[in-house]
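Asks: Mapping to the numbering used here: the sequence shown position 63 is 421, numbers consecutive. Glycine included, every Cβ here is placed at the ideal spot set by N, Cα and C.
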Amino acid sequence: MEDYGFPIGSRVVLVDYDPCGCVEVGMTGVVCDIDEDDLFSLNCKIGVRWDTYHHGYHDCCGHCDMNYGRYVPPECLELVDLDLGEIETGETDICSLFI
Numbered sequence: 359m360e361d362y363g364f365p366i367g368s369r370v371v372l373v374d375y376d377p378c379g380c381v382e383v384g385m386t387g388v389v390c391d392i393d394e395d396d397l398f399s400l401n402c403k404i405g406v407r408w409d410t411y412h413h414g415y416h417d418c419c420g421h422c423d424m425n426y427g428r429y430v431p432p433e434c435l436e437l438v439d440l441d442l443g444e445i446e447t448g449e450t451d452i453c454s455l456f457i
């Protein structure tokens, strides 16, 4: 399965106009499906479960919750780099993991 650089489960952001519909630039979500069968026009290959509910969205062929999914072209997406930061721990925190 070609994932166009966006494996299922990847966190993404829409960085360019969506020719397939109503997803707005800046919206974020998680890749939930890759269209291998050319079901959708305008190269809308990447199914994303968007963080925001919208009545015009769907369920990406059963791969996410209804009214959260939408397919978009891969060239309109970028991966989101998740920076979880550093966790400060002390000696007692580490020791408590092994008790």
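Out of Asp417, Phe398, Val438, which has the shortest C-alpha to C-alpha gap to Val430?
Replies: Phe398
Asks: Quick one, which of Thr410, Cys422, Asp361, His416 has its alpha-carbon nearest Gly384's?
Replies: Thr410
Asks: In the DSSP output, which residue or residues are listed as bridge partners for Val468?
Replies: The structure shown does not extend to residue 468, since the chain spans only 359 to 457, so no value can be given for it.
Asks: Pull up the distance between the alpha-carbon of Asp417 and that of Asp391, whole angstroms please.
Replies: Going from the Cα of Asp417 to the Cα of Asp391 covers about 10 Å.
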